[in-house]
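Participant: Numbering (the working numbering), first residue to last: 27 to 129.
The following block contains the structure, expressed as structure tokens.
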Amino acid sequence: MSQDPKARGRDDFERAMAGVRRITGAERVAEPAPRRTSVGGGDGVPSGGRGSSGRPPGIRIGSVAGLNRRQADRLRRGELGVEDSLDLHGCTRRDAALRVAGF
């Protein structure tokens with residue numbers, strides 16, 4: 027036990043790797059490209075309201091029924107509290123989208 031822990035770890039590693047050889051390019055199996063998923067694709071599910079910059083679009087006065095300038099300003103400043111909640115646990119994406127739309 028006179029050997030320091032790093033040297034012992036290196037010896038253990040070398041012993042475990044004995045007989046292992048590097049795979050050459052011809053033997054190497056190509057990894058499949060990661061599958062890209064589209065958030066809010068053309069399946070009728072909302073995309074989350076994000077613009078191309080990744081930020082939510084600004085609030086346009088009059089674009090939401092019942093939202094006047096004062097309320098929009100308070101919303102923008104974070105002064106409006108939570109009035110209700112919606113539990114989407116166990117919903118499919120489509121069912122959740124319908125529930126959110128009706129909320």
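From the three backbone atoms N, C-alpha and C, an ideal C-beta is built for every residue, glycine too.
Here the structure is a predicted model, which is why all the values come from computation and not from measurement.
1) So for Glu40, helix, strand or coil by DSSP?
2) For Pro60, which of helix, strand or coil comes out of DSSP?
3) Since Ala127 and Leu114 are thought to touch, with beta carbons under 8 Å apart, how far apart are those beta carbons, to the nearest angstrom?
4) Suppose you measure from the CA of Gly35 to the CA of Arg41; what does that come to, to the nearest Å?
5) Taking Asp99 as part of the alpha helix (DSSP H), name the residues at either end of that continuous run.
6) Taking the straight line between their C-alpha atoms, what separation do you get for Ala98 and Cys117?
7) My output table needs one value for Asp110: the three-state DSSP class, helix, strand or coil.
8) Which stretch, first to last residue, makes up the alpha helix (DSSP H) that contains Val126?
Facilitator: In short, the structure shows the following:
1) Here Glu40 sits in helix by DSSP.
2) Reduced to three states, the DSSP call for Pro60 is coil.
3) In fact, because the Cβ distance is near 12 Å, the residues do not count as touching under 8 Å.
4) Gly35 and Arg41 have their C-alpha atoms some 10 Å from each other.
5) Run containing Asp99: 95-102, per the alpha helix (DSSP H) assignment.
6) The straight-line gap from Cα to Cα measures roughly 30 Å.
7) Assigned with DSSP and collapsed to three states, Asp110 falls in coil, not helix or strand.
8) Element bounds for Val126: 119-127.
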